[in-house]
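Engineer: First the structure, then my questions, so here it is.
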Amino acid sequence: MSIEDFKFIYWIEYGHRMWGRGLGVFFTGPFIYFLSKGYITRQLALRLGLLFGLGIGQGFVGWWMVKSGLEEPESPYRQPKVSAYRLASHLMAAFGIFSGLFWTALSVVRPESHYQGVDFVRGSAKLRKIAIPIAVLVGLTAASGAFVAGNDAGHAFNTFPLMGDTWIPDGLLELQPWSRNFFENTATVQLDHRILALTTLTSVVAMSLLARKLTLEPHIRRLINLTLGVSVLQVTLGISTLLLYVPVSLGAAHQAGALSLFASVVALLHALRKPSPAALRTLVKPL
């Protein structure tokens, strides 16, 4: 690594740390003000306090991750880098905190799910059974992407749809114990990410087709279309990043796309919430 490369990485890392600390200040100031004015309910205050605590914990996870990059590698021929396991932990913790904050914000803006009738409630209930597994798939795909980044797997097999000259490369289970291959083997990690990404896209397309047959609120249909559009864009970004040998700009855009897709799914799940018993009673016509 040249001194110029080190400077580039240093300033990115420094900016990331300062941004993380700044978020704590940006959160704490308004939180104390709104709490003192009585604008925040006790339940909301407890939820925000928990999320703030998770944010502090995320700082320690980040330090734990960076610390792994300062350790001597097992082989003198290997370049020092952060642990892929810790990188994935840091990323998924960020996704978890973001989803908590986003869900909370949506609940403040729209505390109750509004439905025009019982048929709309039934349609949302059916769609919710599909949307929840898709949310899990999106999270797993993002986590597998962290292992792709942590193992520099994006710099191998820079072809699509084939991996090199084959559909399934050799050496997928060459590490022992075999479970290590799913987290440390370059070929296996990238194949996993491809499979998960395409499975996610296929699932979102299937959900979109099913939604056409269901009675749904207009804003739910818009969220489904948004999720479908972001899914297609994210897969396109991923393939482009791979084929162009992972330029930093595309890699960052692909990571942002993952968060955008996750946000759209969270918004969809929030819109598909069950109505409260009181709201449901207003939809049932008396005999």
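One rule links them: number in this note's numbering = place in the sequence shown (from 1) + 44.
C-beta atoms are modelled at their ideal positions from N, C-alpha and C, and glycine is treated no differently.
Who are the near neighbours of PRO213 in its chain, counting only those whose CB is closer than 8 Å to its CB and skipping five residues on each side?
Structural biologist: PHE201, MET207, ALA231 and LEU235
Engineer: Since THR9 sits in a beta bridge, which residues does DSSP pair it with?
Structural biologist: As shown, the chain starts at 45 and ends at 331. That puts residue 9 outside it, with no answer to give.
Engineer: Buried or exposed for THR285, please, with buried defined as at least 16 other CB atoms from any protein chain shown within 10 angstroms of its CB.
Structural biologist: buried
Engineer: So, under 8 Å CB-CB, ALA190 and ALA132 are touching, yes? Tell me the CB distance rounded to an integer number of Å.
Structural biologist: 4 Å
Engineer: Mind pulling the alpha helix (DSSP H) runs of 4 or more residues that sit fully within the segment 103 to 191?
Structural biologist: 128 to 153
Engineer: Just curious, the alpha helix (DSSP H) that TRP55 is in, first and last residue?
Structural biologist: 47 to 80
Engineer: Helix, strand or coil: which one does DSSP assign to LEU217?
Structural biologist: coil
Engineer: Please classify GLN87 as buried or exposed, where buried requires at least 16 neighbouring CB atoms within 10 angstroms.
Structural biologist: exposed
Engineer: Can we count PRO221 as close to the ligand ATP, meaning its CB is less than 7 Å from some heavy atom?
Structural biologist: With respect to the ligand ATP, the structure shown offers nothing to examine, as it has no ligands at all.
Engineer: Would DSSP call HIS298 helix, strand or coil?
Structural biologist: Correct three-state label for HIS298: helix.
Engineer: Which residues bound the alpha helix (DSSP H) around THR232?
Structural biologist: 230 to 255
Engineer: Check whether the segment 160 to 171 touches the segment 217 to 233, counting contact only when three or more Cβ pairs, one atom from each stretch, lie closer than 8 Å.
Structural biologist: no
Engineer: Just reading off the alpha helix (DSSP H) that PRO321 is part of, what are its end residues?
Structural biologist: 321 to 327
Engineer: Could you give the C-beta distance for VAL249 and LEU272, rounded to a whole number, given that I count them as a contact under 8 Å?
Structural biologist: 7 Å
Engineer: Using DSSP with H/G/I as helix, E/B as strand and the rest coil, what is ALA200?
Structural biologist: coil
Engineer: Using a 10 Å radius around the Cβ and a threshold of 16 neighbouring Cβ atoms, would you call ILE100 buried or exposed?
Structural biologist: Classification of ILE100: exposed, given that the 10 Å Cβ count is below 16.
Engineer: Helix, strand or coil: which one does DSSP assign to ILE84?
Structural biologist: In this structure, DSSP gives ILE84 a state outside helix and strand, which the three-state scheme calls coil.
Engineer: Is it true that the segment 133 to 149 meets the segment 299 to 306, where meeting means three or more beta-carbon pairs spaced less than 8 Å apart?
Structural biologist: Enough Cβ pairs lie closer than 8 Å, so yes.
Engineer: Straight-line CA distance for MET18 to ALA169?
Structural biologist: Lying before the first or after the last residue shown, residue 18 is absent from the chain, which here runs from 45 to 331.
Engineer: Got a sec? Which residues, its chain only, sit under 7 Å from SER275 by beta carbon, not counting five neighbours each side?
Structural biologist: If we look at SER275 and ignore the five residues flanking it on each side, its Cβ neighbours are THR244, LEU245, VAL248 and LEU305.
Engineer: Quick one, which of LEU327, ALA315, SER308 and LYS318 has its alpha-carbon nearest PHE142's?
Structural biologist: SER308
Engineer: Mapping the DSSP letters down to three states, classify ALA195 as helix, strand or coil.
Structural biologist: The identity of residue 195 in the sequence shown is Asn, whereas the question assumes Ala. The answer is coil: DSSP assigns ASN195 none of H, G, I, E or B.
Engineer: Give the range of the alpha helix (DSSP H) segment to which SER284 is assigned.
Structural biologist: Where SER284 is concerned, the enclosing alpha helix (DSSP H) stretches over 262 to 287.
Engineer: Mind checking whether PHE96 and PHE78 have CB atoms under 8 Å apart?
Structural biologist: Going by C-beta atoms, PHE96 is not nearer than 8 Å to PHE78.
Engineer: Output yes or no for whether 8 Å exceeds the beta carbon distance between PRO319 and SER157.
Structural biologist: When the beta-carbon positions are compared, PRO319 and SER157 come within less than 8 Å of each other.
Engineer: In chain order, what residues of the same chain lie with their CB nearer than 7 Å to the CB of PHE204, ignoring the 5 residues before and after it?
Structural biologist: ILE283, LEU286 and LEU287
Engineer: Thinking just about the alpha-carbon of each residue, which of ALA193, GLY68 and PRO262 is nearest to the one in LEU294?
Structural biologist: Measuring from the Cα of LEU294, the nearest candidate turns out to be ALA193.
Engineer: Specify the secondary structure class of LEU258 as computed by DSSP and reduced to three states.
Structural biologist: coil
Engineer: For PHE139, does the count of other Cβ atoms within 10 angstroms reach 16, so buried, or fall short, so exposed?
Structural biologist: buried
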